[in-house]
Structure formats: C-alpha cells, structure tokens
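Reviewing the structure listed below.
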Amino acid sequence: MPAAIAFSHVSKTYRGARGTLRALDDVSLEIAPGEFFGLLGPNGAGKTTLISILAGLTCASAGTATVMGHDVVADYAAARKSLGIVPQELVFDPFFSVRETLRIQSGYFGVKDNDAWIDEVLAELGLADKAGANMRQLSGGMKRRVLVAQALVHRPPVIVLDEPTAGVDVELRQTLWRFIARLNREGHTVLLTTHYLEEAEALCARIAMLKQGRIVALDRTSALLAGAASTMLRFKTDDVLPPALAARARVTGRIAQLKAHDAGEVEAHLAALRAGGVRVEDLEIGRADLEDVFVEIMSGARAAVPAAGEAA
Amino acid sequence: MMRLEGALPLWRKEVLRFWKVAFQTVAAPVLTALLYLLIFGHVLEDHVQVFPGVGYTSFLIPGLVMMSVLQNAFANSSSSLIQSKITGNLVFLLVTPLSPAAWYLAYVGAAVVRGLAVGSGVLLVTVWFAPPGVAEPGWIVVFALLGAGILGTFGLIAGLWAEKFDQLAAFQNFIIMPMTFLSGVFYSVHSLPAFWQGVSHLNPFFYMIDGFRRGFFGVSDVSPWLSLAVVATSFVVVAAIALRLLATSYKIRP
C-alpha cells in the first residue's frame, strides 16, 4: 500500500527582486494511510509551502510529492481527487450561497447529485441552518466551517488542514475536531498544521517539526515527549525572577516554568526563588509537554529525527 | 485524450456569476450602446451614408452590437479571473483536477454567453430605430461566436497576466478599446485616407465587424471569406496561447 502522503527530497526556492529565499530544503517525509499527523513549526518555517506543493498551489523547485501514490505533477488529477485541503486564509466566493458553493465545488471533482453528503457535512459542522445563506452574510467562524466543508465535498481519503483553528472559538474547535476525529477513525488520513501545541499533542500520533525549511524533528508524539525526559517546575508570580533563573525560565504572563532534571535541581530552583524573595503561588511539578519539546527543539538544544525516521 | 471533467460546472458557475449581477453586466452595457446610437445616429444620420441605400443609424447598429459582444466577452473572463486572484478564492479551482482544456472551455464559454447576451440585448433595443435587415444570417452567427470567443480568450490571457486591477484596466483601455474603436464600428474604413485604411486592415477586429455587418446588409468592405480566414486564424492563435499559459499555470501556481 503506498503512503498516503510522501515527500521525497522536496526543495522550494522563491526568487524575487530582493534575492532568493529557500523556503524548503530537502524535505523527505512519509505519512501512512490512516495516520493523524501533525506538522509544526514557527511562522515562516515552510509548513504552508509544503502543503501548497501537495495541493498543486505551488510547484516544488526540486523533489517529488505524492498523494495515495499519485505524483502531484505528473498525475495531478488523481492526486487532487485524493486530497481535500482547508486553506489557512479565510477566502470565499461572494456570489453564492453555502449550498451553491458546495455543489459547485463537488462539480469540479466530477461528483454529481451530492446533496446527501453535503447535508451530512453541513450537519456535522453545525451549518445546517446556514445552507441558504449567502457567503457574505456569514461570520468568520461560519466561513471557516464552509472552507472545511468545501475540502470534504469529494470525500477525499487524505485531508490537510492548514491552521484550521487559528482565531476560532471553542465551540467550532470542538465541532471540528469531533468531525475530523470521526473521519480519521473511518480511515481518512489527516495532516494538520497548528500553532496550538496542546491540539497537536491531543490529536496527532506522529509529529514533524519544521525549522527554516528543514525537518528538525520527526517521531511519534509519545516518543518526542518521552525524549524530553525532564520535569517542569511551574508557578505563578508577580515578582521579578532573579537573573540566573530568568535566563532559563519560560514565562507566559504570570506563569513561569523552569526545567528540572532531578529533585536536586528542583531544590536548587526553589532555593534561588527564596533567596531572591520571589513569592510564588500554585506551585506544581509536572512532566514536560509538547510546548517544552517544541521550544527545546526550535532553540537547537536537541534534534529528534530518528535514523529511520521516515517510516510510520 | 482531453479530460473535460468539471468543465460544465465551472462554466455554469461563471455564467451564474454574471447573471446574478445582470443589471451591471448585461443591462448597463445595453444602455451604453443605446446612448451611442441615439447620439451618433441623431447627429450623423443626415450627413453620412456608408453603403448605398443604408442609413447611418442602420449602419451603426451591427457595429454597436458587435462592439458590445467583444467588450463584454473580454470583461467577463478577465474580471472573473482577476477577482478570484485578488480575493484568493482561485484556490478553490487550483486544488481541483480541472484540466487546462476544461478551464479554457468554461471561462471562454461563459464569456461567449455574456457577449451574446449583451449583443442580443443591444440588437433588441436598437433595432426599432432603423431595422438593418438580415441579408446573410450565417455570417452574423459565425462572426458573433468567433468574435466573442477571441475576446473571451483575450480576457482569459489578460486575467492570468494581470496582478492588479489597474493592469487589467490598462489592457482594456490601451489595447482592447482602441482596437474596437478603430475597427470601423462607427464608419466604413473606405471613408479613411489610404494610409489609415492600410492600418485598419492589420487590425483583426476590423474583420470581425466587417464580416458581422455583411450578415445584415449583404455588403462589406472586404470579402467575408477573407474576414473568416483572418478571424479564424486569430482565434486559433490566441486559443493556443491561452491553453499554453494554462498548461504551464502561468502566474497562478508560483
């Protein structure tokens, strides 16, 4: 059985008036059928470029990509029929209603009389009462749901979601993940890019991390977390941390996190806090989460690409 | 083999797109043509006779009809594409298995429908003023279809090439408009000095309008067969260019 998605030595260079930009640098990656795969990386790492090559929105400068074994260039029609992509940008055609939009999109894929499936998708995404509404009348969240529906009209075996929950309320996130998880259980392969690492940790069995166009981590999510192997000391404070601790802490608002490899290090951190006169609340010791792993890998402190890391 | 799957739904969408705003895309150009007829017809009716026995207003009607066909066919494919590019919803087409031939047929097919819809509208509202008669209807149909096809194709090329609305406007105002106006819509090229007659004969739009007019009056500046040869050749050339641009995803898949 061919991989659901395969990239082989894919590079992409943009040439512009201000010089050249190497967006992707020799990326190889395979995703097996039925996987729920996460593609993570900071802004500008090349995630969207990689997905765009898969969907035929841009052409690779070198290397090949396939969807369900179909080359995205040589056999583009079969590749695109196998793929449903939810773009990151909130775009829509202002001339049509939701149902018209979905019927038209079905037609492009040669799918006729698709109303039963369209109704099911609309219901699953909480759009049933908006079917007759013009796209212009919908809120941002509703438009986002239509984008998801549009990607699914032709029942593609491979679904790609490019930051689908950016700026989306809790209700849609839950609706969306319930539906996507159902499709994944039914055998659809899902490739997800997101900035919400807790989402990736909860949903994706395997993860690749991109940095400056290269894969810097590729492993099972559990292995990535296990590899972090450290505990985290978390607390809230309104005080300024002593310089020695501040340099090593990850601070989000009032919450500070410090890595500790063993009990001795925890003790040392606490002693430093006491000596600095820092008042702490809600102190807890927990395991590192994906965000810790992400920060560690992106800072270059650790590489996590297994030698035979391309296989599922 | 040419794969045309999806062409019909895309064509239908493109037709619906202009039909939903028909007031702007059909009624407005019909009104513009009517104003041309009223003003030029009124001013020139007693001063100009182009063909023997044919009043100027009658002479003007087929020219205005054809000009409307050409301009609206161009406007349809070009504005649809540039809008999709600028708003970003072209992505919905780019991710589909539509072949270059399917893109071409759908966009140009819809442009032909818009051109013919406006042209019929212009004919319908102007014919009451001075019925031009119908001498050889076959030429009317052939040149209307080919003219709309060529300009629909031009619109497709311009829509692919342009990155901004003002680039498209430049294409329209500096190429399409002069070529239509200087093709004999408002006059017979025989009334021009020899040099400008020669220049007019290099303009393919001249043959579209001259051949089209032949269908109404049975008289033309040049043989309709020559016009057909020039127009058909032009169609093949621009269609080949457009298909090539689509096949290489010119400016749409960077």
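Line by line, the protein sequences are chains A and B. Position one of the first sequence corresponds to residue 1 (the working numbering), numbered consecutively onward. Position one of the second sequence corresponds to residue 1001 (the working numbering), numbered consecutively onward. Note that beta-carbon positions come from the ideal geometry of N, C-alpha and C, so glycine has one too.
When the Cα atoms are used, what is the spatial distance from residue i to residue j?
i, j, result
"B:A1135", "A:G16", "57 Å"
"A:T64", "B:I1140", "51 Å"
"A:V251", "A:G277", "18 Å"
"B:A1007", "B:V1054", "44 Å"
"B:A1239", "B:A1158", "13 Å"
"B:K1085", "B:R1003", "24 Å"
"B:L1094", "A:V158", "17 Å"
"B:S1300", "A:V91", "Only positions 1001 to 1254 of chain B appear in this structure, which leaves residue 1300 of chain B out of reach."
"A:E201", "A:A263", "26 Å"
"A:M68", "B:P1097", "15 Å"
"B:G1147", "A:A133", "38 Å"
"A:T20", "A:E267", "50 Å"
"B:V1050", "B:V1185", "12 Å"
"B:N1203", "B:T1153", "17 Å"
"B:F1092", "A:L218", "31 Å"
"B:Q1071", "B:M1177", "8 Å"
"B:Y1207", "B:G1218", "15 Å"
"B:P1193", "B:F1205", "19 Å"
"A:G253", "A:L245", "16 Å"
For a test of the three-state rule: what should DSSP assign to residue i, helix, strand or coil?
i, result
"B:H1201", "coil"
"B:V1252", "Position check: residue 1252 of chain B holds Ile in this sequence, whereas Val was assumed. In this structure, B:I1252 counts as coil in the three-state DSSP scheme."
"B:V1048", "coil"
"A:M68", "coil"
"A:F235", "strand"
"A:A307", "Any answer about A:A307 is weak, because its pLDDT of 44 lies below 50 and its placement is not dependable; what the coordinates show is given next. Three-state DSSP puts A:A307 in coil, outside helix and strand."
"B:H1042", "helix"
"A:N134", "strand"
"A:D262", "coil"
"A:S8", "strand"
"A:A312", "Its pLDDT being 39, under 50, A:A312 is placed unreliably by the model, and nothing is read from it."
"A:E291", "helix"
"A:F314", "Since the first and last residues shown for chain A are 1 and 312, residue 314 of chain A lies out of range."
"A:R18", "coil"
"B:F1217", "helix"
"A:E35", "coil"
"A:Q88", "coil"
"A:L241", "coil"
"B:L1116", "helix"
"A:K143", "helix"
"B:E1005", "coil"
"A:L127", "coil"
"B:K1164", "coil"
"B:M1177", "helix"
"A:V160", "strand"
"B:A1232", "helix"
Can you tell me whether residue i is buried or exposed? The criterion is at least 16 other CB atoms within 10 Å of its CB, across all chains shown.
i, result
"B:S1191", "exposed"
"B:N1089", "buried"
"A:H261", "exposed"
"A:H382", "The structure shown has nothing for residue 382 of chain A, since chain A only spans 1 to 312."
"A:I255", "exposed"
"A:Q174", "exposed"
"B:D1221", "buried"
"B:P1254", "exposed"
"B:N1076", "buried"
"B:M1103", "It should be noted that the sequence gives Trp, not Met, for residue 1103 of chain B. By the 10 Å Cβ count, B:W1103 comes out buried."
"A:Q257", "buried"
"A:E35", "buried"
"B:S1227", "buried"
"A:E163", "buried"
"B:V1142", "buried"
"A:M1", "exposed"
"A:F294", "buried"
"A:L191", "buried"
Heavy atom of the ligand NAP less than 6 Å from the Cβ of residue i, yes or no?
i, result
"A:T49", "No copy of the ligand NAP occurs in the structure displayed, which carries no ligand at all."
Below 8 Å on the Cβ atoms is my contact criterion, and I expect residue i with residue j to pass it. Report the Cβ-Cβ distance as a whole number of Å.
i, j, result
"B:A1247", "B:P1100", "4 Å"
"B:I1150", "B:F1212", "In fact, because the Cβ distance is near 12 Å, the residues do not count as touching under 8 Å."
"B:V1065", "B:V1122", "5 Å"
"B:V1069", "B:G1119", "4 Å"
"A:K12", "A:T193", "So it is not a contact: roughly 16 Å between Cβ atoms."
"A:I297", "A:V216", "6 Å"
"B:A1073", "B:G1115", "3 Å"
"A:T231", "A:R287", "6 Å"
Pair every Cβ in the stretch 199 to 212 of chain A with every Cβ in the stretch 26 to 44 of chain A, then say whether three or more of these pairs are closer than 8 Å. At 8 Å Cβ cutoff, the stretches touch.
Please determine if the stretch 164 to 172 of chain A and the stretch 64 to 80 of chain A are in contact, where contact requires at least 3 C-beta pairs separated by less than 8 Å. Segments in contact, no.
How do the stretch 145 to 157 of chain A and the stretch 106 to 120 of chain A stand: do at least 3 beta-carbon pairs fall below 8 Å, yes or no? Short answer: they touch.
Taking 8 Å as the cut-off, does the stretch 234 to 250 of chain A touch the stretch 1009 to 1028 of chain B (at least 3 CB pairs, one atom from each stretch)? Pairwise C-beta distances place the stretch 1009 to 1028 of chain B out of contact with the stretch 234 to 250 of chain A, as fewer than three of them are shorter than 8 Å.
Tell me, please, whether the stretch 134 to 143 of chain A touches the stretch 1037 to 1045 of chain B by the rule of three or more beta-carbon pairs shorter than 8 Å. For the pair of segments examined, the stretch 134 to 143 of chain A was found not to touch the stretch 1037 to 1045 of chain B: the number of CB pairs separated by less than 8 Å stays below three.
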